[in-house]
Amino acid sequence: AFADLAASSIEKAQNIKDVKDENIYLRKELEQKYQIIGESEQIKKVVRDAKKVADSKATTLIYGESGTGKELVARLIHNQSPRREKHFLVINCGAIPETLLERELFGHEKGSFTGADQKKIGLFEGADGGTLFLDEIGETTHAMQVKLLRVLQEGQFYRIGGTTPVTVDVRIIAATNRELEKEIESGKFREDLFYRLNVIRINLPPLRERREDIPLLVNYLLEKKSSENNKPIPAITKEAMDVLINHPWYGNVRELENAIERAVVMGDGKEIKVENLPLDIIREKMIKTPAIGVPLKEAVEKFKKDFLLETIKYADGNKNKAAKILGIQRTYLHTLIRELDIDI
């Protein structure tokens, strides 16, 4: 009997160890999936600040243009915090109507409105003990801002149709691409909510202000997108990398990610050249590199010739497709090819 008990205890201990090992593995996998790539001083500061605030419960406001990776920073804070074993939940406040946003955040009681057939737990309750990331907080209405302020002040809220307050322990991280101080001046954002949110502020730089990180990001994304699309990892030519480094990236890392995925999917799997990049990036490069020191007519002809060549390459040599991209008739495209002496 003692031997059976001992064996049972050893098995339970092993099971507990296996679960812990699995949790550690999953956490490491998540950290790799959501890692922040870069060696620039700007991004190093962001990572340092995120890790520094992780141990606290302080509400954090992340500023950054669309596509800079605000959710990645929020996840980093959560994953480095004592709350990492609990839920990290996300909602984009600007993506859904206010009535639906209220239901998603606070939940509702059964019968509180037509179609409410059962009680629904909202994100605040779902994130109890963990972290709730409120993306695009600047898009919320005044009425919603009042409700959010109450939760931040009191740690309580009411489900829609409810009469009993629900108490939660949630760490709030909010993000915006708007200058909330200007929104306050124009009366669009509540000042009291701003000060509740802006306890810790992290500013994410746009990609064009940390160009030294672009080669690292490109190589990381080449590997990631090749794996996701079951493609071999291609090399990238110096010319293509230079184009990517010098592109303005108004859509930031998200735009770069889309460009790399297209190049991986549409390329030959061996090497990414300039012509494998999205047409808008090639156009930008051509517009930014005019001929200097030559007559205007010659410069214009060279631009036309280069532009047509790049467009035809982009269309995989299909002139019908190239003409559609250029917004011209196929016959006129043939005329231009002949006039500009383009050898295809």
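In my numbering, the protein residues as written are 12 to 355. Glycine included, every Cβ here is placed at the ideal spot set by N, Cα and C.
Integer Cβ distance of residue i from residue j, believed to fall under 8 Å
i       : j       : result
Ala-270 : Ile-292 : 6 Å
Arg-221 : Gly-49  : 6 Å
Asp-180 : Asp-139 : 6 Å
Spatial neighbours of residue i in its chain, beta-carbon cut-off 6 Å, leaving aside the 5 residues before and after
i       : result
Ala-333 : Thr-322, Ile-323 and Ala-326
Arg-273 : Pro-289
Arg-212 : Leu-72
Asn-103 : Asp-146 and Glu-147
Ala-186 : Ile-73, Lys-81 and Asp-146
Val-276 : Asn-240
7 Å CB neighbourhood of residue i in its chain, flanking five on each side removed
i       : result
Ala-65  : Ile-88, Gln-91 and Ser-92
Lys-62  : Gln-91
Thr-152 : Glu-109
C-alpha distance - residue i paired with residue j, whole-angstrom precision
i       : j       : result
Glu-113 : Lys-313 : 57 Å
Gln-53  : Lys-121 : 49 Å
His-258 : Asp-224 : 13 Å
Phe-168 : Val-177 : 5 Å
Trp-260 : Leu-163 : 35 Å
Gly-126 : Gly-262 : 39 Å
Leu-128 : Ile-339 : Sequence check: residue 128 is Asp here, not Leu. If I take the Cα positions, the gap works out to 56 Å.
Gly-328 : Ala-106 : 40 Å
Ile-148 : Pro-243 : 40 Å
Val-311 : Phe-99  : 54 Å
Arg-207 : Leu-160 : 8 Å
Thr-110 : Ala-154 : 11 Å
Gly-166 : Val-157 : 13 Å
Asn-240 : Glu-282 : 16 Å
Beta-ladder partner(s) of residue i, from DSSP
i       : result
Asn-214 : Tyr-74
Asn-103 : Asp-146
Ala-251 : According to DSSP, which records beta bridges pairwise, Ala-251 is partnered with nothing at all.
Ala-246 : Glu-282
Nonlocal neighbours in the same chain, by C-beta distance under 8 Å from residue i, ignoring five residues either side
i       : result
Val-229 : Ile-247, Met-252, Leu-255, Leu-267 and Ile-271
Closer than 8 Å to chain D by CB, residue i
i       : result
Gly-133 : No chain D is part of this structure, which consists of one protein chain only.
Enumerate, from N- to C-terminal direction, the unbroken alpha helix (DSSP H) stretches of 4 or more residues contained entirely within the segment 113-198. Taking only runs of at least 4 residues, the alpha helix (DSSP H) segments lying wholly in the segment 113-198 are 134-137, 153-165 and 191-196.
What are the start and end residues of each continuous alpha helix (DSSP H) run of 4 or more residues lying completely inside the segment 73-97, in chain order? 81-90
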